[in-house]
Ligand code: AG3
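Residue numbers (the working numbering): 65 to 341.
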């Protein structure tokens, strides 16, 4: 019998992947967690039926969410990842020699545990000596830790359920305050094709605290439209400028200094709905 896993991208279209087997399924305090083995992308993590990451394409998203803000910053030492319990963004973060400490704040302990057990390629840095894993609400954590971080990476789920508050102006204000005076934040920002109004809103919410806001984009085959947005807020540095000298020391599969620059170049329809009128 053929078994397929399907995520509804919109009420009228979906992505389906043929699966070999279900590896794990449970209901945690916050959500339904599943790991399935797909034919195309290897193991896949789903939360409430929404694809979070897969072993085959995760490198693109995790490299882009981590290295763009980390290279835009001149000397990132303390980094906070909110969400991202699978550990992919943290794995990329600790590749930077300048980083002394990376804190992961994930609300659902089970996501961390399930990822450690079934997705070792992604979660492998969660036990790294520079990493501290805190099981807590990210909104509360940023309010309690002011002026501590150089870079904050918000690797959330879609803006429904537990992640909703992670897209509000109030939350971005607290993120601004938990960053040092030259800090940078980035938030995963949904699909530039399907979520146009929402992306506008995210950028304007970030812009109510940060002097510099930019959208950059990349290709993630398993996310809606295969094309994904990242919304960045910076206190001081222009994020388009990366420091290529530091790049030699870091091993990546997708990110390069050229990709960094290019990712801020937006298709005309995207800049039109973002920046015009
Ligand atoms: N964070 C972004 C998930 C958004 C995917 N949305 C969707 N498939 N509709 C994923 C966590 C990866 N560390």
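A virtual CB, placed ideally from N, CA and C, is assigned to each residue, including glycine. Quantities reported herein were computed from a predicted structural model and do not represent experimental measurements.
Nearest to residue i (by Cα), restricted to the options the options
{"i": "residue 202", "options": "191, 223, 151 and 171", "result": "171"}
{"i": "residue 311", "options": "131, 240, 331 and 238", "result": "131"}
{"i": "residue 199", "options": "145, 152, 330 and 289", "result": "145"}
{"i": "residue 216", "options": "105, 155, 336 and 167", "result": "167"}
{"i": "residue 75", "options": "292, 302, 296 and 258", "result": "258"}
{"i": "residue 162", "options": "182, 139 and 183", "result": "139"}
{"i": "residue 9", "options": "319, 218, 88 and 100", "result": "The chain is shown only over 65 to 341; residue 9 falls outside these bounds and no answer can be derived."}
{"i": "residue 72", "options": "325, 295, 332 and 287", "result": "287"}
{"i": "residue 238", "options": "256, 213 and 207", "result": "207"}
{"i": "residue 127", "options": "155, 232 and 114", "result": "155"}
{"i": "residue 304", "options": "324, 159 and 231", "result": "324"}
{"i": "residue 85", "options": "147, 292, 104 and 329", "result": "104"}
{"i": "residue 307", "options": "294, 315, 322 and 293", "result": "322"}
{"i": "residue 279", "options": "157, 338, 120 and 134", "result": "338"}
{"i": "residue 235", "options": "255, 83, 158 and 205", "result": "205"}
{"i": "residue 289", "options": "83, 79 and 70", "result": "79"}
{"i": "residue 89", "options": "174, 272 and 326", "result": "174"}
{"i": "residue 195", "options": "182, 160 and 224", "result": "160"}
{"i": "residue 164", "options": "214, 291 and 135", "result": "214"}
{"i": "residue 263", "options": "137, 336, 147 and 135", "result": "336"}
{"i": "residue 260", "options": "340, 274 and 70", "result": "340"}
{"i": "residue 293", "options": "271, 327, 276 and 275", "result": "327"}
{"i": "residue 277", "options": "224, 147 and 133", "result": "133"}
{"i": "residue 120", "options": "81, 92 and 97", "result": "81"}
{"i": "residue 97", "options": "330, 66, 182 and 65", "result": "182"}
{"i": "residue 147", "options": "231, 329, 330 and 91", "result": "231"}
Residue i classed as buried or exposed, judged by whether at least 16 other C-beta atoms fall within 10 angstroms
{"i": "residue 124", "result": "buried"}
{"i": "residue 317", "result": "exposed"}
{"i": "residue 220", "result": "buried"}
{"i": "residue 184", "result": "exposed"}
{"i": "residue 333", "result": "exposed"}
{"i": "residue 229", "result": "exposed"}
{"i": "residue 255", "result": "buried"}
{"i": "residue 302", "result": "exposed"}
{"i": "residue 315", "result": "exposed"}
{"i": "residue 394", "result": "Examination of residue 394 is not possible in this model, given that the chain is present from 65 through 341 alone."}
{"i": "residue 70", "result": "exposed"}
{"i": "residue 273", "result": "buried"}
{"i": "residue 136", "result": "buried"}
{"i": "residue 309", "result": "exposed"}
Own chain, CB closer than 8 Å to residue i, minus 5 neighbours either side, in chain order
{"i": "residue 226", "result": "94, 95, 171 and 172"}
{"i": "residue 210", "result": "241 and 242"}
{"i": "residue 6", "result": "Only positions 65 to 341 of the chain appear in this structure, which leaves residue 6 out of reach."}
{"i": "residue 118", "result": "102, 105, 106, 107, 108, 109 and 286"}
{"i": "residue 320", "result": "311"}
{"i": "residue 291", "result": "255, 256, 257, 281, 282, 283 and 284"}
Spatial neighbours of residue i in its chain, beta-carbon cut-off 7 Å, leaving aside the 5 residues before and after
{"i": "residue 176", "result": "149, 170, 190 and 197"}
{"i": "residue 122", "result": "152 and 186"}
{"i": "residue 212", "result": "142 and 242"}
{"i": "residue 313", "result": "161"}
{"i": "residue 192", "result": "158"}
{"i": "residue 66", "result": "82"}
Contact set for residue i: own chain, Cβ-Cβ below 6 Å, skip 5 residues either direction
{"i": "residue 374", "result": "Here the chain covers residues 65 to 341 and nothing more, so residue 374 does not appear."}
{"i": "residue 116", "result": "109"}
{"i": "residue 233", "result": "269 and 272"}
Item to check | Those runs of the alpha helix (DSSP H) which lie wholly inside the segment 308-339 and span at least 4 residues | outcome: For the alpha helix (DSSP H) assignment, the uninterrupted runs of no fewer than 4 residues enclosed by the segment 308-339 are, from N- to C-terminal side, 308-311, 321-326 and 332-339.
Checklist entry - Are three or more beta carbon pairs between the segment 262-270 and the segment 282-289 nearer than 8 Å? => result Touching, no, given that fewer than three Cβ pairs across the two stretches are closer than 8 Å.
Checklist entry - In the segment 112-180, which residue ranges form an unbroken alpha helix (DSSP H) of at least 4 residues, counting only runs that do not cross its ends? => result Counting only runs of at least 4 residues, the segment 112-180 fully encloses the following alpha helix (DSSP H) elements, listed from N- to C-terminal order: 122-136 and 152-157.
Checklist entry - When the Cβ atoms of the segment 177-186 are set against those of the segment 100-110, are three or more pairs found closer than 8 Å? => result yes
Checklist entry - Which runs of the alpha helix (DSSP H) fall wholly inside the segment 231-311 and span at least 4 residues, in chain order? => result 233-242, 260-271 and 308-311
Checklist entry - Does the count of Cβ pairs from the segment 238-250 and the segment 296-313 closer than 8 Å reach three? => result yes
Checklist entry - Which runs of the alpha helix (DSSP H) spanning at least 4 residues fall entirely within the segment 175-212, listed in chain order? => result 184-187 and 202-208
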